[in-house]
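Numbering (my numbering), first residue to last: 784 to 1428.
Shown next, in the form of structure tokens:
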């Protein structure tokens, strides 16, 4: 193909990729991720004096209130009187007072509202459908409270995207009704200069926990005199769990992508209010400008196929990093953001892939070798694959009347680099002879030779979540520790079961280390159950224990890898990962939340056992490897003491 034609094809592919991701439904995740990951690298500080008072689990317990029931209004009156005495600048309470309950309590609450310098109440939004019209109308606070608050009200309404993440907010008017939102009413009351022209606004978030003071309700009542002087105070409910369960007033924010923690609506409302007060809203460029940018970048990227492959790869990486940095910095210092992942994660890889296709073809590998069923004499494979990783696919297989798991590892997945492909083959070949010598190691029954661009190995099969799957093999779902967490409330495996799993895995890990091998990727997804027994799986990552200066590859899962500058791939790193695994399954929190432990996680009945287990976890995860358990066997002894205590 002439070079000019190669350039034209490459540019056309890159431009088409950008346009399709910009306008089609499959491209929405790219656009949304571009917005979400703007906040992965920091957020603007908040200069306003803001306090968030939460009706959280501790507050519910302290005041003996019940979830799902309205709070005692006398408690609200106490706090509002405290705020009035201190001289709070603004009070926004994210609780709907739409009806009267008892005259003395209602009057006390109304009197406390009347004392505020500025007070805003919420109204909810109800759909209205009739033969003449369809729309919405607000459910207003009771007149007694509305008059006490100076008729200051706004609709508490959030609009999550299809993936339940709140990214946009239409402060006034909202798409569902011509009413001011709660943050709009509050900002307007404090004199913010606002425009009534409807426009699409994107929220600017201020950190996973917000850049403001957060406190439980009871602690707010105990603050010293004048603590809230001239402060903006928001009062609202925190959901009972940070795990996203679709509860009332529980939402995802962009931070959910890497923390796995949802948040209450009041915190998003507070961020929206600060956006209005400080002019922090994010906006996207006009559509024509985005199409122009994608066209220009696509044409420029078409030139990658004219370069040497190494040069093209380096330039593609530099461009992806550069565009990402420019987009993130632009969003921080200006009020505009651009769906940069369409370029960095879409157009650039497509253009570079075309450059690779033009320049090279890996010898001995047909183009579809990684897509078709591998040739596995003696094993019948069932579609579709039951698992897929970076280097291969796992199939449900049957041989001699027995069910197996069969993994095919493809050279093509290593981008033609034979060294890591050979290490994968040598590692599994070294592991197979010892795999049946410990009950908590996944047994490998067969490893093939290197074939036409791939090799495969057969393993014992994990238990299935679905019963009677043998009649319909496509229903098979492996029972792993990640799935086991979902069986328990809030994702917390009971402490005795955590200890049982920990003892089995430390024993297996000690055996593995004694054979001169490390696992390198211990996490819940890589622990499966066979006949109810936990076993270390994914043996393809098992490798020889090597000196630190001989470790060249960084393999592992973020959150489970020890903090830098420590290198992964050591016995000490395996112990660290196992400690994080125990933290995750015992607390129900994500690995990135380590070592945080909320007091609400501790069941008083089992507090002693919980803290003993937590002490084991903390020792296993010490930042300095020398301060950890000297071996997996030592960690196992600590867990055994917990069980027998």
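Idealized CB from N, CA, C, for every residue including glycine.
The structure displayed is predicted, hence computed values, not measured ones.
- For the pair of segments examined, the region 863-873 was found not to touch the region 1034-1050: the number of CB pairs separated by less than 8 Å stays below three.
- Here the region 1178-1191 lies against the region 1155-1165, with 3 or more beta-carbon pairs under 8 Å apart.
- Around the beta carbon of residue 1427, fewer than 16 other beta carbons sit within 10 angstroms, so the residue counts as exposed.
- Close CB contacts of residue 1422 within its chain, under the 6 Å cut and outside five residues either way in sequence, are with 1282, 1285 and 1286 (chain order).
- For residue 1228, the enclosing beta strand (DSSP E) starts and ends at 1227-1230.
- For residue 1171, the enclosing beta strand (DSSP E) stretches over residues 1163-1171.
- Pairing residue 938 with residue 1034 gives a Cβ-Cβ distance that is not under 7 Å.
- If you check the CB distance, residue 1087 and residue 1140 do not come in under 7 Å.
- In this structure, residue 1355 sits near residue 1408, with a CB-CB distance shorter than 7 Å.
- A direct Cα-Cα distance of roughly 15 Å separates residue 1412 from residue 1364.
- The three-state secondary structure of residue 820, taken from DSSP, is helix.
- Around the beta carbon of residue 1116, fewer than 16 other beta carbons lie within 10 angstroms, which makes this residue exposed.
- The Cβ atoms of residue 997 and residue 879 do not sit closer than 7 Å to each other.
- Burial of residue 889 is indicated by the presence of at least 16 other C-beta atoms within 10 angstroms of its C-beta.
- The continuous alpha helix (DSSP H) containing residue 1132 extends over residues 1131-1142.
- For residue 1241, the secondary structure class from DSSP, reduced to helix, strand or coil, is strand.
- Nearest neighbour of residue 995 by Cα position, chosen from 1031, 966 and 1054, turns out to be 1054.
- When DSSP reads this structure, residue 1316 sits in a beta bridge with 1313.
- Look at the beta carbons and you see the region 1302-1315 touching the region 1263-1275: at least three pairs across the two are nearer than 8 Å.
- Residue 1300 counts as buried, since no fewer than 16 other beta carbons sit within 10 angstroms of its beta carbon.
- Comparing alpha-carbon positions, the option among 814, 789, 1031 and 1111 lying closest to residue 1129 turns out to be 814.
- Checking the DSSP bridge columns, you'll see residue 1190 partnered with 1177 and 1240.
- The region 1056-1063 and the region 959-978 touch, with three or more beta-carbon pairs separated by less than 8 Å.
- Under the 8 Å Cβ criterion, the region 1181-1194 counts as touching the region 1224-1243, having at least three qualifying pairs.
- Judged by DSSP secondary structure, residue 998 falls outside any alpha helix (DSSP H) and instead within the beta strand (DSSP E) spanning 996-999.
- DSSP, read as helix, strand or coil, puts residue 1035 in strand.
- Annotation for residue 1364: the continuous alpha helix (DSSP H) segment containing it runs 1354-1370.
- Boundaries of the beta strand (DSSP E) harbouring residue 838: 833-838, taken from the DSSP string.
- In the structure shown, the three-state DSSP call for residue 1254 is helix.
- In the three-state reduction of the DSSP assignment, residue 921 falls in the strand class, which pools E and B.
- In the structure shown, residue 1065 adopts extended strand secondary structure according to DSSP, grouped into three states.
- Beta-bridge partners of residue 906 (DSSP): 938.
- With fewer than 16 other CB atoms across the displayed protein chains lying within 10 angstroms of its CB, residue 824 is exposed.
- Measuring C-alpha to C-alpha distances from residue 992 to each of 1098, 897 and 1025 identifies 1025 as the nearest.
- Judged by DSSP in its simplified three-state form, residue 1019 adopts strand.
- Pairwise C-beta distances place the region 794-811 in contact with the region 1074-1093, as three or more of them are shorter than 8 Å.
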